[in-house]
Amino acid sequence: MIRVPYGLRIHRFLAPKKGSQPGECEDAIAFHAGRMVFAVADGATEAYDSRSWARLFVRAWVRIQPPVFEMQEFEPFVRDLGRRLHRKWSKRKLPWYAEEKVRGGSFTAFVLLHFYIAGVTLHWKASALGDCCLIHRRNLTDCNAFPITRSEEFGSHPILLPSIESKQRRALDSVQHASGAAEPGDDFLLVSDAVGCWFLKQRENGEGETTRLFDRLTESNDADGLQNFFGDLRSTGQIRNDDIAVVRIEVY
Amino acid sequence: MPYVAEISRTNPTCFIILLDQSGSMADGFGGSEGLRKSDFVADIVNKTLHDLVIRCTKAEEIRNYYHISIIGYGGSVQSAFAGALGGKTLVPISEVADNPARLETRTKKVPDGAGSLVEHQVRFPIWIDAGASGGTPMCAALSQAKVQLEQWLSEHNDGFPPTVLHLTDGESTDGDPTALGKELLSLGTTDGSILLFNCHVSSHRAAKVEYPSGDSGLPDQFAKTLFGISSVLPESFRKAAEQTGVNVSEGGRGFVFNGDPASVVQFFEIGTRPANLR
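Going down the list, the protein sequences come from chains A and B.
Under the numbering used here, the letters of the first sequence match residues 1 to 252, in that order.
Under the numbering used here, the letters of the second sequence match residues 253 to 530, in that order.
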């Protein structure tokens, strides 16, 4: 657990899908506690080297001061990142299949969150593209999700952030934004799609016991417990076998 | 519910492509004098293998989600792989990727991001060459597929069931394939029976039938025979068909009769799209 000013408790959990190694996880997490910036990304499995793209994106975003949200700053930011990634690939002598796949580039979904103080109030601002999700709970009861609000909205083919510069503008037009004020007792979850879908389904079905267990495990930063928890959900078909990324921020 | 197993490195699936390489495959195709059926089909199979490899490419690594066999039948019945894979069967996709018989240079048009297409020189792998000789020993080919399937299934009993994609331009010359086809269809994994899809191609302009759910509209007994040994398309394959612009009704079978070049392209696209890659 990491303590930061302004009363945020931060918990994180990242795990690959069953059958994959940690080094193969295409979800990525980054945050900077002092700057109160948090990012989760989910690299597209079908694309080339999406793990690198997702990791590069979240790590670079949390380093930028102040955090970029507006298109005029965000566009050059992702353009430079994409160029950097493609430069890295171009330095290698690739086999024919990698060469072919590189031409399609990488893709990632993301959700970004920034807290800031204005006056005496803690505010938050978020951006998202694709099916990574921000879930804002107040006293663990009221629940708002962004940009996806219902479990059945997962599973389609969302617009993702491409690494190829010429494809980025169109994707960036689809980035969604949200903002609000935070209070002590608020709880923010940044999650990739599998967890987001499972969590919202639990809420829709009024099944609170499992989410309470999830809350307890994240609060205690029990990585083994969470591993087993998601393992059980997978084996009972309650969650899709996919990479898992969770960043939980408790406001106190 | 069948056909839902995840396809992963620990739980791969398998594709067997059965290719008619009889003498009549040297005839023209699609109304073009210069285009032989055998050349067109070989090109599509190479493109299909290319796409399967690309699908399994992560970074520079190929994940072995698939095992591949290609059985050519005509003057003989044998593995149609050329080059280093010659004679091999049930080859892991990473080995397929690293061992094309040769790499050709082709021109590909790709979007330039500004609404136009630009030409790129790309390396295109060739694994099989066109073949056209002898008769149509379909039963012998199905027998060989069965042997391979039984071997593969003994080691992969819980995976997504194997898919057999069979392409022919004529009737069997070594007997009625019905019994062997049924034997193949009786094999499977805990996730469902194997999938046998049949595509008949014709050099003549004849009304084509694609993915029918019944045999009443089929023109002759040969068509009905192939229909009878074709699997119903599972839902994920029907969705893949929709994406290629083909509407398949529920109960529609993986069967094409009197197919033209476009049918062949779609047949291989649809037949190699099982979902649940992990």
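Glycine included, every Cβ here is placed at the ideal spot set by N, Cα and C.
- Around the Cβ of Glu371(B), a 10 Å sphere holds fewer than 16 other Cβ atoms; the residue is exposed.
- The CB of Leu355(B) comes closer than 7 Å to the CB of Trp96 in chain A, given here in chain order.
- DSSP places Asn510(B) in the strand class (E or B) of the three-state scheme.
- When C-beta distances to chain A are compared with 9 Å, the residues of the stretch 253 to 286 of chain B below that value are Glu258, Ser260, Arg261, Thr262, Asn263, in chain order.
- For the 8 Å CB-CB criterion, Thr300(B) and Thr524(B) form a contact.
- Taking every protein chain shown into account, the CB of Arg55(A) has 16 or more other CB atoms within 10 angstroms, so this residue is buried.
- Our two residues, Gln227(A) and Ser368(B), have alpha carbons roughly 48 Å apart in a direct line.
- Here Phe31(A) carries a strand assignment [DSSP, helix/strand/coil].
- Contact of Ser192(A) with chain B is not assigned, every C-beta pair being separated by 8 Å or more.
- Shown here, Arg261(B) sits in coil according to DSSP, grouped into three states, outside any helix or strand.
- When the Cα atoms are used, Asp426(B) and Ser395(B) turn out to be separated by approximately 12 Å.
- Beta-carbon to beta-carbon, Pro158(A) and Gly130(A) are separated by about 4 Å, close enough to satisfy the 8 Å threshold.
- For Glu312(B), the C-beta contacts it makes with chain A under 7 Å involve Leu94, Pro95, Ala98, in order along the chain.
- A direct Cα-to-Cα measurement between Val416(B) and Arg51(A) gives close to 33 Å.
- If you draw a 10 Å sphere on the C-beta of Tyr252(A), you find fewer than 16 other C-beta atoms in it, and that means exposed.
- Under the three-state reduction of DSSP, His86(A) is assigned to helix.
- A direct Cα-Cα distance of roughly 39 Å separates Phe519(B) from Val111(A).
- Contact fails between the stretch 149 to 157 of chain A and the stretch 211 to 223 of chain A, because fewer than three Cβ pairs, one in each stretch, are under 8 Å apart.
- Look at Ile522(B) here: in three-state DSSP terms it is helix.
- Going by C-alpha positions, Phe292(B) is about 8 Å away from Phe281(B).
- Secondary structure at Arg315(B): coil, using DSSP grouped into helix, strand and coil.
- Per DSSP, the beta bridge partners of Lys360(B) are His372(B).
- One thing to note: Asp421(B) has its Cβ no nearer than 8 Å to the Cβ of Ser385(B).
- Counting only residues of its own chain and dropping the five nearest sequence neighbours on each side, Ser465(B) has a CB closer than 6 Å to the CB of Ser501, Gly503, Gly504.
- Taking the CA atoms as reference points, Val508(B) sits about 41 Å from Glu165(A).
- Only Ile164, Glu165, Ser166, Lys167 from the stretch 158 to 190 of chain A bring a Cβ to less than 8 Å from some Cβ of chain B.
- Judged by DSSP in its simplified three-state form, Tyr48(A) adopts coil rather than helix or strand.
- In this structure, the beta-carbon distance from Ser482(B) to Asn450(B) falls below 8 Å.
- A contact is defined here as three or more CB-CB pairs under 8 Å, and the stretch 113 to 131 of chain A meets this definition with respect to the stretch 168 to 183 of chain A.
- Trp124(A) carries a strand assignment under DSSP once its states are collapsed to helix, strand and coil.
- Remark: C-beta atoms of Ala30(A) and Ala39(A) approach each other more closely than 8 Å.
- Under the three-state reduction of DSSP, Asn205(A) is assigned to coil, being neither helix nor strand.
- Within the DSSP bridge table, the entry for Ser179(A) names Lys125(A) as partners.
- Arg457(B) has a beta carbon lying at 8 Å or more from every beta carbon in chain A.
- If only complete runs of 3 or more residues are kept, the stretch 53 to 100 of chain A shows no beta strand (DSSP E) anywhere.
- Three or more Cβ pairs closer than 8 Å define a contact, and the stretch 70 to 80 of chain A falls short of that threshold against the stretch 130 to 147 of chain A.
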